[in-house]
Amino acid sequence: MRSRNRIIFLGIFTALLLSGCSLAVPGAETEGGDDRLIGAFITSDHLDLFDMDAYLQDHASWLVKANEIQISNTSGYEGRLYAVIDKKGSEDTYDWDISFKDVEGISFFAPVLEDKDGNRGWHSVYDAGISDVDFNITVTDAGDEVSLEGTIYMIPGQSDKGISYYLNPVYQTAEGQVYLIAGEGFSTSGESEEEEVHFASALTAETKTTENGKSQTAKSSVKVSFATMHRPVKITLYKMDEAHQCIKQEEYTPGRLPESLNMEPGTAYLLAETEKEKLSGERFSDRAVYDRTDDQEDKLETWYDCGNGILAKQESALVWEQ
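Using my numbering, you'd call the opening residue of the sequence shown number 7 and step up by one each time.
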């Protein structure tokens, strides 16, 4: 999945079934020490980052005397997976890609990057699997606060696939290195027929610094909601005139709409109909109306299956006749 970037300048594993509850993880900053929490990397498998070699070496004398190996007091041995920043030969930080090598997952974090001129800015990095992203920064004399919120839309009916999601915290060091540690997860049956938010997982942290006698607090939070949505199977667009007559009808496969859609002369509004399929095989349609506007940022939002039981949003710019 392709990452999207935006710039603004200035462990216990828990298995949970979807139940409409929320899991908060206060004090997550203790895992990263003085490093700042900048988001999460969502995976379908648990990341085993435990440094067994270091643990065995440090506990060799104790293990020799033991009749059996029982691993305990693992603090300090939970490994880190550092991100790779591919600058793609560009000095523009907007062009850079940040990934965790060959580990598959959904990126959802906001590191601070510095360009060739020394300008530093927050980047929101997120993949197609995370939707409805809300990225906010508040800066005051007392410090700053960065928050990320987004939603993962799951297709119902995955009880036989063993689908799980793990929210792995992502941190950034004072030197700019980005890394993750293994996080918590939950399994889902996904049997709900309702299209709604079923579960939310959140990480919060804060770090305090003192310079020249002045204290500042950096707060960070990331919240990921998990919602169900039935699989779209067909998208039909009706370009309507002021008399509510159809000027032109177009059908598309979800995920294969063009980047921009030109409205025919005389189009007063666009009616977008998305046909979806329930677990029972029954089909139904959702409809949305887009009125004519001069807003160049006006976009049609549709959905498609991007793999692993997740739906992604596709945006198509609406170009109205002038």
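Note that beta-carbon positions come from the ideal geometry of N, C-alpha and C, so glycine has one too.
Practice task
Please report the Cβ distance between L173 and E155, rounded to the nearest whole angstrom; I am assuming they are in contact, meaning their Cβ atoms lie under 8 Å.
Solution key: Not quite, the Cβ-Cβ distance comes to about 13 Å (not below 8 Å), so this is no contact.
Handout entry: the stretch 250-264 in contact with the stretch 178-186 per 3-pair CB rule at 8 Å
Key = no
Problem - For L324: DSSP bridge partner residues - result: L267
Practice task
Between the Cα of I104 and those of Y185, A134 and I136, spot the shortest distance and give me the residue it belongs to.
Solution key: For the options Y185, A134 and I136, the alpha carbon positioned closest to that of I104 is the one of Y185.
Exercise for the section: Would you tell me roughly how many angstroms separate the C-alpha atoms of D311 and T146, rounded to the nearest one? Expected result: 41 Å
Exercise for the section: Scan the stretch 266-310 and note each continuous beta strand (DSSP E) run of 3 residues or more that stays entirely inside, going in chain order. Expected result: 266-268, 275-283 and 289-297
Practice task
In the DSSP assignment, find the unbroken beta strand (DSSP E) run with Q4 in it and report its ends.
Solution key: Past the boundaries of the shown model lies residue 4; the chain is included only from 7 to 328, so the question cannot be answered.
Practice task
Report yes if the CB atom of F106 is closer than 7 Å to the CB atom of L87, and no otherwise.
Solution key: Contact flag set, yes.
Practice task
Helix, strand or coil for D150, going by three-state DSSP, please let me know.
Solution key: strand
Practice task
Would you be able to state if there are at least three C-beta pairs under 8 Å between the stretch 275-293 and the stretch 242-252?
Solution key: yes
Exercise for the section: Tell me, please, whether the stretch 202-215 touches the stretch 130-137 by the rule of three or more beta-carbon pairs shorter than 8 Å. Expected result: no
Exercise for the section: From the DSSP output, read off the bridge partner residues of L119. Expected result: G127
Exercise for the section: Pick helix, strand or coil for T215, following the three-state DSSP scheme. Expected result: Looking at T215 - three-state DSSP - the assignment turns out to be strand.
Problem - Reduced DSSP secondary structure (H/G/I, E/B, other) of D101 - result: helix
Handout entry: Same chain, Cβ closer than 8 Å to T234, neighbours up to 5 away in sequence not counted
Key = Annotation for T234: Y159, M160, I161, P162, G196, S198, E200, E201, E202 and H204 place their beta carbon closer than 8 Å to its own, counting only its chain and skipping 5 residues before and after.
Handout entry: For A249 and E110, the rounded distance between their alpha carbons
Key = 50 Å
Exercise for the section: Report the rounded CA-to-CA distance for G149 versus S231, giving the unit in angstroms. Expected result: 27 Å
Practice task
May I ask you to list the residues that DSSP assigns as paired with Q252?
Solution key: The sequence shown places Cys at residue 252, not Gln. Answer is M246.
Handout entry: Between the CA atoms of D41 and R298 - distance to the nearest angstrom
Key = 48 Å
Handout entry: Assigned exposure category for S96 - 16 Cβ within 10 Å defines buried
Key = exposed
Exercise for the section: Give every residue of the same chain whose Cβ lies closer than 8 Å to the Cβ of D140, excluding the five residues on either side of it in the sequence, and list them in chain order. Expected result: S153, L154, E155 and G156
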